[in-house]
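The structure appears right after this line, and notes come after that.
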Amino acid sequence: MVALNILLTKALDYIDQERVAIKKLHKAHDVLSNAYRQKKGTSSLTTSEHIKAYFTARMPATFASIYQCLSELPFESPPETMLDLGAGPGTATLAALEKWPSLKVATLVEQHQLMFDLSCRLFSFLDLPTSIRHLQADLVKTSFKESFDLVVLGYVLGELGKEEQLKVIENAWNATSQFFLIVSPGTPFDYDILMHARDFLLSKGGFVVAPCPHQKECPLRETKDWCHFSVRLNRTKEHQKIKQASLSYEDEKYAYLLFGKESTKNPSQRIIKRPIQKSGHVIMDLCTVDGIKRETISRKDKEAYKKSLKKEWGETC
Ligand SMILES: C[S@@+](CC[C@H](N)C(=O)[O-])C[C@H]1O[C@@H](n2cnc3c(N)ncnc32)[C@H](O)[C@@H]1O
């Protein structure tokens, strides 16, 4: 469970001050849900209520999954610079700052006027010691002269056409000095996009850091299954109200790819489904160097069984 972190809570408090009637927000949330269901993307969000609905009902989940992915980064020392592409309100930047408050410079690139404006207001309110640079630009047409320790593309690729995706990935990769993280919704559609990104980055000499335990073709590609993970997050009261949801938490399914400029040691296996706990054993589906494997850990093997009870979907072992 990703708790509601300090920065995210502050950000949500800030947006709460920009009071919008709940009725308007319900309507805005419907527009938001339809836009994403129909793959219309952020460009169909045209009012400040739509943006507030994104911020309150969607951004905590994208924050949670990006935050979870950041744990996979094998930085020897905390990153100093980051580039947040298709930043929206600045979700990836907030997640990175939550992890590494010492981050010196964050550059946020966003083209949508209302998102851009909200992000500028938010970061000015947060008044952080990190130098925050906002750039309003189209990612497809923007290449960067400088490079960044960490580049993040959070929930953007699905909004672009195939050629645009490759252009944005290329620009992002050229701007990366150490690690490039792509996070997307955990759907078969987005998994497919990530597989093209993976092929492209491997062809550019990049190294897969996570989630794969190898640099080979994804073994799930030939199956009906797809690689994705899940994170549980708390909902705020506002979040619950907007979604008219009764549960105080939600599970966000996501897919991701982490690439490095240099080779790092990959884990030997990763748990690719929620482990199934039976009375005398635990069943785990694993991605390994040798492909997909199902492992059954019996209670008789005391040590391994004890360990397996603590293991979660997405972890390495
Ligand atoms: C689903 S939102 C994700 C926002 C944020 N990264 C997050 O994870 O919460 C996608 C963002 O990418 C931006 N975007 C899409 N295409 C873009 C482009 N060509 N140039 C700049 N920003 C773009 C959208 O305006 C939107 O803010």
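First residue of the sequence shown: 0, per numbering that gives the first Met the number 0; consecutive thereafter. Backbone N, C-alpha and C define an ideal beta-carbon position, used for all residues, glycine too. From a predicted model like this one, the values you see are computed outputs, not experimental measurements.
For residue j and residue i, believed in contact at Cβ under 8 Å, the rounded distance
i	j	result
A56	H28	6 Å
H227	G185	3 Å
R293	L256	With a Cβ gap of about 24 Å, R293 and L256 do not count as contacting.
L152	V167	7 Å
A254	Y190	5 Å
G87	E109	6 Å
L121	A10	6 Å
L31	A52	5 Å
L6	E79	No, L6 and E79 are not in contact; Cβ-Cβ is about 18 Å, not under 8 Å.
Per-residue burial, residue i [other beta carbons within 10 Å of its own, 16 or more giving buried]
i	result
M0	Summary for M0: the model assigns pLDDT 48, below 50, so the residue's position carries little reliability; its value from the coordinates is reported in the next sentence. Flag for M0 reads exposed.
I192	buried
Q164	buried
S183	buried
I21	exposed
E311	exposed
P128	exposed
Any non-hydrogen atom of ligand 1 within 8 Å of residue i CB
i	result
L219	no
L138	yes
Q110	yes
D83	yes
I182	Checking the sequence shown, residue 182 turns out to be Val, not Ile. Answer for V182: yes, Cβ within range of ligand 1.
A91	yes
I65	yes
V230	no
F147	no
Y53	yes
A196	no
T235	no
T45	no
Neighbourhood of residue i by C-beta, 7 Å cutoff - its chain only, sequence neighbours within 5 removed
i	result
I271	C226, D284, L285 and C286
F179	V150, A171, W172 and F258
Y35	none
Y304	V281, I296, S297 and R298
8 Å CB neighbourhood of residue i in its chain, flanking five on each side removed
i	result
F199	L165, I168 and E169
6 Å Cβ shell around residue i - same chain, five flanking residues per side excluded
i	result
I275	I282
K252	G185, H227 and S229
S142	N170
L3	Because L3 carries a pLDDT of 47, less than 50, the predicted location of this residue cannot be relied on, and no value is offered for it.
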